[in-house]
Every structure is written in structure tokens, then in C-alpha cells.
Amino acid sequence: MHIDRRRLERSIEELGKIGETPRGGLTRLALTDEDKRGRDWMVARMGEAGLRVTIDQMGNIFGQRPGAEALPPVMMGSHVDSVPTGGKYDGQLGVLCALEAIRTLNDHGIRTRHPVTLVIFTNEEGARFQPAMLASGVLAGKIPLEDAYNARDKDGIRLLDELERIGYLGPEPCVPRPMRAYLELHIEQGPRLEEEGLAVGVVEGIVAISWSRLTIQGVQDHAGPTPMRIRHDALVAAAAVVTGVRRIARELGGDVVTTVGNLTVSPNIVNAIPGKVTLSIDVRDPRDETLDRALPRLDWLVREACRHEGVTYELEHYWRVPFTPFDRTVVAAVERAARATGARYRRILSGAGHDAQYMAAIGPAGMIFVPSRGGRSHCEEEFTAMDDIEQGANTLFRAALDLAGGG
Ligand code: HGY
Ligand code: MN
Ligand code: MN
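Quick look at the structure:
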């Protein structure tokens with residue numbers, strides 16, 4: 046038994062059209078009209094596959110396929126929201142491979158012991174509303190629902206209002222659910238599988254992640270008549286922070302990664318000294334202890350950069366997810382499935398966060414990676430070859446069958 050490659054390929058193409066960018070990438074930010082259209086497309090396909098579709102308070106979508114016994118379900122899925130000018134595989138591939146696995150169960154009339162549930166999580170990317178994995182974080186009981194509802198995008202629009210506007214504010218409580226296991230297929234978003242000529246990654250865990258936001262308040266003034274000796278330029282302090290964030294990674298070494306991805310300047314015009322700068326700092330490492338060493342260095346760096354320029358600041362470490370090892374029995378089931386599929390594979394760690402990170406907090410979770418061409422992701426160049434997708438999807442199908450008690 047194997048998945049239907051052509052059907053899966055068509056689904057990737059069809060869903061990838063919703064929010065497609067002129068360069069063939071994808072912009073489908075959480076709770077925008079494009080996200081609504083992508084959700085509606087998935088709900089229609091889930092109905093056609095005979096799934097009972099429900100929506101919870103965070104707009105998470107569940108498609109339930111009954112099992113032979115009233116047991117906790119095997120859940121599998123991912124997300125359909127993207128980053129701006131992102132790719133058509135991040136998140137979307139996991140949702141479509143889960144749909145394809147269910148369609149394959151239907152093709153063969155298989156009644157698994159445990160029910161099987163397809164799940165689509167809201168706002169995984171954290172691109173529009175921070176932090177990332179927001180809705181799986183609420184479901185896992187790690188983020189209060191009210192905090193998520195009050196998250197605002199850069200235009201001050203509230204998450205709750207957008208959920209309501211697109212018609213995905215569901216009645217189901219967004220709380221931990223009993224599950225046999227949670228499986229997520231995802232692109233690796235790094236170079237390892239491709240470098241080693243492998244089709245599948247058996248994911249053993251996900252790195253620890255910390256997000257901080259820094260607001261620097263300087264003195265806005267005229268770029269011309271203001272003598273250099275009396276300036277307090279928020280952007281000069283910010284620039285010292287940006288290069289210092291890179292230095293922290295270099296000094297700590299190992300696998301730590303640090304990124305300033307978002308920076309806004311006000312008033313952001315040629316002839317005014319920047320009065321205010323806000324910026325984001327993302328720090329990740331497989332070891333929580335390394336993050337515990339990195340953050341005090343960041344605090345010191347910001348304090349010194351701002352003292353030197355005579356500006357004030359607010360630094361908030363507002364999101365932290367610990368290193369998350371996946372359940373050994375689920376990892377073993379994924380490995381068995383990769384072997385049975387005949388895929389060349391290796392065990393691997395995820396440098397990207399995923400909804401599986403929060404699902405692992407409430408039940409046995411595991412992931413399957415497929416290669417990213419050139420290791421690229423969160424960009425329009427993101428691509429994974431169908432041969433690899435087929436092997437990954439067959440691995441997901443077999444792992445789900447194994448864990449759900451195949452017919
Ligand atoms: O940030 C991440 O790692 C994921 O793409 N949300
Ligand atoms: Mn993703
Ligand atoms: Mn992503």
C-alpha cells in the first residue's frame with residue numbers, strides 16, 4: 046500500500062495557488078483573506094474525505110476519521126499559514142501529506158483501531174501575530190487563550206477580531222486533548238538531508254527557542270543643524286546591538302544561532318535622527334543551558350550599547366520554548382516506517398520550531414522531515430522534489446497506520 050503521488054502533487058499545486066506570489070512563492074499570513082481561502086479549500090477536501098470537521102476557539106481545524114474502537118486518536122497535521130514571500134512547502138506539505146494518508150486509508154477501506162484526526166494549527170509562523178506556534182501553544186495549555194486573543198499585528202489588529210472576521214472562531218474548547226500520538230511531516234529547512242543524499246529525516250527533537258523584543262528610545266531631531274556631540278540616535282545604538290547579537294553566537298560557538306530579523310525605525314526618513322527603533326532577537330540552541338548563558342550576554346550588550354549612546358530602552362524576553370525531545374516510541378515507529386518505505390534516512394534534530402513542539406508537551410509526538418533544496422526555507426526559493434515528498438508521505442502513512450493499529 047502506498048500513497049497516490051499524482052493526487053498529492055495536484056493538491057500541492059492547487060493549495061499553493063492560494064496566496065501565490067509572482068515569483069512562485071507564497072504569502073498567506075495567518076487569518077488574512079488568503080489564509081481563509083486556504084482553510085476553506087482544506088475544509089472542503091476534508092469533507093470530501095469523509096472527515097467530521099470541527100473548529101476550536103483558536104481556529105484550529107480538526108478533521109476526525111472514526112476508528113474501530115473509541116480510543117484516543119492518532120493526530121497528524123501542521124499549518125497552512127506562511128511567512129511573507131515564503132515557500133509552498135513549509136507547513137502546507139505536512140497538512141497535505143496527512144490528507145493524502147487519510148485518502149489512502151479510504152482507498153483501501155482500512156478501519157484503524159484508533160481514530161485518526163487531521164489537524165491544522167492557526168498562526169504557526171508567528172509572522173503576523175507573535176509568538177510562533179501560538180494556537181498549538183494555547184492548546185497545550187502553555188499560552189493563555191486571552192493572551193493569544195489580544196495579540197496584535199503591526200497595524201494593531203487583534204487576533205480575536207481576525208478569527209471572527211474570517212469565520213474561524215470555533216466553539217470547541219482549545220484545551221489539551223487525549224491522543225495516541227501526534228505526527229507532523231515537515232520540510233527540513235536546512236541542508237543536512239540533501240547534503241547526505243537522504244530522502245527522510247527521523248526527527249528526534251526540536252531546539253530550545255527564545256524570542257525577545259527591544260525598544261530603544263533616543264531623541265528624534267533634525268539631521269542637519271543638530272551637532273554630532275549632542276545626538277542620541279536610537280539607530281546607532283540598535284546597530285551596535287545587531288552586530289553584538291551576531292558576536293554572541295560566535296563567542297558561544299557550538300550550534301547556537303542568533304538572528305535580528307525584524308527592525309523598524311521611526312520616523313524612518315532621510316533628514317531626521319531616528320528617535321525610536323524596535324527590533325526582534327531570536328536565539329536557538331539544542332541546549333537550554335546555552336540559552337541561559339546567551340540571554341545575560343544579550344542583556345549586557347543592550348545595556349552597554351544604550352548607555353554609550355545615551356538612549357533608554359525596554360528589553361522583553363517574551364517567549365521561550367525548551368529543548369523538546371520526541372517520544373521514543375513514536376520516533377521508533379517513524380524509523381520503522383522509513384525502513385519499510387525503503388527510504389534512505391537518518392535521525393536528525395530540528396532547528397526550526399513546529400507545532401509538534403507544543404504537542405509533545407501533552408502527548409507522544411514525532412516528526413518526519415523531507416529535504417529542502419539548498420537547505421532554503423522562509424523564502425520563495427523553497428522547494429522539495431516530488432520523489433522525496435512521496436517517500437516522506439509513504440513514511441507518514443505507514444507510521445500513522447502502525448500507531449493507529451492498521452486494519
Ligand atoms: O520560527 C520557526 O522556527 C517556525 O518557522 N515558526
Ligand atoms: Mn513550519
Ligand atoms: Mn516556518
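To convert a position in the sequence shown, counted from 1, into our numbering, add 45. Note that CB positions come from ideal geometry on N, CA and C, so glycine has one too. Bear in mind that the values here come from a model prediction, so they are computed numbers and not experimental data.
Let me check one thing: in DSSP terms, what residues is residue i bridge-paired to?
i, result
"K199", "In the DSSP output, where bridge partners are listed per residue, K199 has none listed."
"W256", "D327, W364"
"P370", "G250"
"H231", "F414"
"E359", "T260"
"I165", "I106, S123"
"E65", "L71"
"R459", "This structure cannot settle anything about residue 459, because the visible part of the chain is limited to 46 through 452."
"H423", "None; H423 has no bridge partner."
"H267", "A317"
Let me know if residue i comes out buried or exposed under the rule of 16 or more other beta-carbons within 10 Å of its beta-carbon.
i, result
"H153", "exposed"
"D78", "exposed"
"E241", "exposed"
"E359", "exposed"
"H423", "buried"
"H353", "exposed"
"I275", "exposed"
"Y363", "exposed"
"T288", "exposed"
"T357", "exposed"
"G447", "Position check: residue 447 holds Asp in this sequence, whereas Gly was assumed. It is buried - the Cβ of D447 has at least 16 other Cβ atoms within 10 Å."
"M431", "exposed"
"G298", "exposed"
Tell me the DSSP secondary structure of residue i in three-state form.
i, result
"I318", "strand"
"Y134", "coil"
"D278", "coil"
"G108", "strand"
"S127", "coil"
"G70", "coil"
"S181", "helix"
"V301", "coil"
"I100", "strand"
"L204", "helix"
"V310", "strand"
"A339", "helix"
"A113", "coil"
"E58", "helix"
"A226", "strand"
"E170", "coil"
"E217", "strand"
"D49", "coil"
"R156", "coil"
"Q175", "coil"
"E241", "coil"
Just to confirm before moving on: does the CB-CB distance between residue i and residue j stay below 7 Å?
i, j, result
"G420", "G235", "yes"
"D372", "I318", "no"
"N168", "L179", "yes"
"K255", "R365", "According to the sequence shown, residue 255 is Ser rather than Lys. Yes, the pair counts as a contact, with Cβ atoms nearer than the cut-off."
"I211", "L74", "no"
"R50", "E435", "yes"
"G437", "L230", "yes"
"A193", "R148", "no"
"T429", "A382", "no"
"A284", "I261", "no"
"Q402", "T369", "yes"
"P409", "A226", "yes"
"A405", "H159", "no"
"V125", "G83", "yes"
"V161", "P118", "yes"
"L243", "Y134", "no"
"E217", "D101", "yes"
"A146", "A445", "yes"
"L308", "L324", "yes"
"E427", "G132", "yes"
Taking 8 Å as the limit between beta carbons, can you name the residues of its chain near residue i, skipping five residues before and five after?
i, result
"I393", "E233, R237, L238, G246, V247, V248, E249, F414"
"V315", "A268"
So, for residue i: in the same chain, excluding its five sequence neighbours on each side, which residues have a beta-carbon less than 6 Å away from its beta-carbon?
i, result
"R329", "V252, I254, V302"
"E59", "none"
"T304", "D327"
"V164", "F107, M120, G122"
"C142", "L230, A438, L441"
"P129", "T72"
"G396", "G235, V252"
Of all the CB atoms in chain B, is at least one closer than 7 Å to the CB of residue i?
i, result
"G154", "No chain B appears in the structure shown, which is made up of a single protein chain."
Who are the near neighbours of residue i in its chain, counting only those whose CB is closer than 7 Å to its CB and skipping five residues on each side?
i, result
"A177", "E169, E170, G171, G398"
"H47", "N439"
"V39", "This structure gives no information on residue 39, because the portion of the chain shown stretches from 46 to 452."
"A6", "Nothing about residue 6 can be reported from this structure: the residues present for the chain run from 46 to 452 only."
Is residue i close to ligand 5? I mean its beta-carbon at under 6 Å from any heavy atom of the ligand.
i, result
"G139", "As presented, the structure is devoid of ligand 5, carrying ligand 1, ligand 2 and ligand 3 as its sole ligands."
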